[in-house]
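Quick note: the working numbering has the sequence shown finishing at residue 1062, numbered continuously throughout.
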Amino acid sequence: GKLILSTFGFLSPGKGIEYVIEALPKVVEKFPNVRFLIAGVTHPVVLEQEGETYRNFLTKKVHQLGLSNYVSFYNTYFDVNKLLQFLEATDVYLSTSLNPNQAVSGTLSYALGSGRPVISTAFAQAKQDITNEVGILIDFKNPQAFTDAIIKLISDNELCLQMGKNAYFRTRHMTWENVAHSYMKYFSQFAPELTLGQRKLPPIKLEHLVKLTDNFGVIQFAKLIEPDFSSGYTLDDNARALIAVVLHYKKFKTLSALKLASIYLNFLYHVARSDGYFDNYVNSNRVIDKQRNVQKNLEDSSARALYALALVSITKQIPKRFRKQAHSLFEKSFQKNITFSSPRAIAFYIKALHCLLSKWKEPKTLAVLRSCCEQLIILYEKSRSLDWEWFEHYLTYSNAILPEALILGYKITGERRYLEVSEKTFDFLIKHTFTPLDSKHLTGFKDNMYVPIGQSGWFPKGETRQYFDQQPEDTTATVEALNVMFQVTNKKHYKELANIAFNWFLGDNILGQVIYDHTTGGCYDGIGEKFINLNQGAESTISYLFARLSFEE
């Protein structure tokens, strides 16, 4: 195939394209499959004053250097779709401006945004946007510099691919959606009635979850929006997915959700163990990964699965055979008198028992729920201190599920102690996850923004909390718990905070970028210090669905 170099935009003498043409003889000598495409009409003002003098000058230079078979001109104006096709066919984009003070180049932005590695002269915007990770900066009017840079990139396909990926990832803040959000955030400083907290909720879409799911289960990871089949499957994700599609079916009664529910329920049967617990990891060849399941703690995933089964078994909108299957599998575990020591596993089990007790008032189930709530109370008493109202000596992931579980315990039992600890610990969590926060990372951000605890170090007691990498799962746990707290206590501020936390997905976050993909219905995998992880894996996508569906309850 051909190696395509390209540039586009209005032609004018300030473009400096002649220096690329002068650079090409040494390039094509080494790479005869190189082609240089020059797209765009002559600038209207230049055309009126000088005609096609510059284009003719370039054409003459091409002929003089014997490059007629290597350089093509497209004297036409491309609409956006044609332009994107043009850039998609490009291996390396060349930005050639001769104006060192040029602050804005739409052509450069389009090229980077399309994921193309760029060789550019060092004008103002290029110096800001072009780093060694996305391209090469060169001096003005220097054909040899163009020659060296072009040969360097087209000699190394891996380097080109990596630069292109980096360019794509690092320009997401330039998308229309994120730019619009930036403007709205700015305007709302002067017109508070435009506050982002009053935003309309997006429509609920299952399309990306469907894409991530085969006839065995939901695939764990994605490479951008494509399922990464080599990553295999987990109980965690399939239990999450089962909960999401049951809630979706309860509201919308779509056959697609029911079909997915059947797949995920069968997956839970596949990984159920004789001791009442569940295996979590299944390889891409659909064989249970015994080694990983031995090495990892299975409590959280097992308890999450039991919550999913309990939810299915009490959801009357779900067909009876599904409910019977789910209840039967839950009972097999329950009759084994399984126990949990992990705080989150205890919390998931409480949520499962709450589901069952909302329909069947079984004394044994109630006794187990009380026992689990007492476990959380004991953990709280052991960990708490004057400035630390929490169940552990650190805040990590999905923290809000712990106070949520206790408020559900209160809802069933009426035990005031559960309510008190739930509200006290949730207030502590809110204090440390909603702005204003004391952090250099948040300078200039408005109050009442949700800031999850970062995975890169968490928040140990007595130490500094981390801000990156933020995960959708944690945001969802907070949104769900706040909605439950509002439903049980009827305290309006919980509902307001739920809306604020949900807006983390829609751009009210530390990077000011949208995390939910309105096009695919998927969700990006998290927020780093400078960039978003643009993969749309199962956990993130399902987490978003949970958060969105929690407003339908």
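By construction, the Cβ of each residue, glycine as well, lies at the ideal position given by its N, Cα and C atoms. Note that the coordinates shown come from a computational prediction; the quantities given were computed from them, not determined experimentally.
Going by Cα to Cα distance, which pick from the options is closest to residue i?
i     : options                      : result
E901  : L917, T616, V554 and F968    : F968
Y790  : A748, L928 and K760          : A748
A835  : A770, Y602 and E1062         : A770
G1031 : N1008, T722 and Y758         : T722
E642  : G560, C669, W1013 and Y619   : C669
E538  : A612, I659 and T585          : I659
S623  : A612, Q594, I647 and K650    : Q594
I847  : Q826, V877 and Q698          : V877
E1038 : Y1053, N957, L1054 and I1019 : I1019
L991  : Y528, N1008 and Q980         : N1008
V555  : L520, G1016 and L574         : L520
E1061 : K759, K868, W1013 and K870   : K759
Y919  : Y906, Y903, L888 and S867    : S867
Y927  : S907, S894, G966 and S880    : S880
V571  : Y1053, L603, T605 and V529   : V529
S1052 : S850, F857 and I752          : I752
With respect to the beta strand (DSSP E) encompassing residue i, which residues constitute its N-terminal and C-terminal limits?
i    : result
L512 : L512 to F517
L546 : V543 to A548
E776 : Looking at the sequence provided, one finds Phe at residue 776 rather than Glu. No beta strand (DSSP E) holds F776; the alpha helix (DSSP H) holding it covers L764 to V780.
G644 : G644 to I647
P652 : No beta strand (DSSP E) contains P652, which is instead part of the alpha helix (DSSP H) from P652 to I663.
K732 : F730 to K732
E735 : E735 to D737
Y786 : No beta strand (DSSP E) contains Y786, which DSSP labels as neither H nor E.
V571 : Note, V571: premise wrong, no beta strand (DSSP E); alpha helix (DSSP H) at T562 to Q573.
L818 : No beta strand (DSSP E) holds L818; the alpha helix (DSSP H) holding it covers E808 to I823.
V580 : V580 to Y583
Y602 : V601 to S604
Which class does residue i belong to by DSSP, given the choice of helix, strand or coil?
i     : result
T743  : strand
I1036 : strand
W685  : helix
S629  : strand
I797  : strand
Q979  : strand
L928  : helix
E913  : helix
F540  : coil
T722  : strand
F678  : helix
P712  : coil
What are the boundary residues of the alpha helix (DSSP H) that residue i is part of?
i     : result
S623  : From DSSP, S623 is part of no alpha helix (DSSP H); its letter is neither H nor E.
K1001 : K1001 to F1011
P872  : P872 to S892
F831  : K829 to F843
V555  : P553 to E559
T1050 : A1047 to L1058
Thinking C-beta only, is residue j closer than 9 Å to residue i?
i    : j     : result
E898 : T934  : yes
Q964 : G1035 : yes
I663 : L512  : yes
E932 : P961  : no
P981 : E929  : no
I713 : L1058 : yes
Y579 : I547  : no
S810 : D737  : no
N742 : F725  : The question names Asn, but residue 742 is Tyr in the sequence shown. In contact: Y742 and F725 (Cβ atoms closer than 9 Å).
R681 : N687  : yes
G525 : T630  : yes
E883 : A854  : no
Measure how close the beta-carbons of residue i and residue j come, nearest whole angstrom, since I'm counting them as under 8 Å.
i     : j     : result
V536  : T656  : 6 Å
I734  : Q1045 : 5 Å
T1050 : H717  : 5 Å
V627  : L617  : 7 Å
A1056 : T985  : 4 Å
R801  : L1015 : That pair is no contact at about 35 Å.
F517  : F587  : 7 Å
P852  : L895  : Not really, about 21 Å apart at Cβ, beyond 8 Å.
S515  : L621  : With a Cβ gap of about 14 Å, S515 and L621 do not count as contacting.
L596  : R625  : 6 Å
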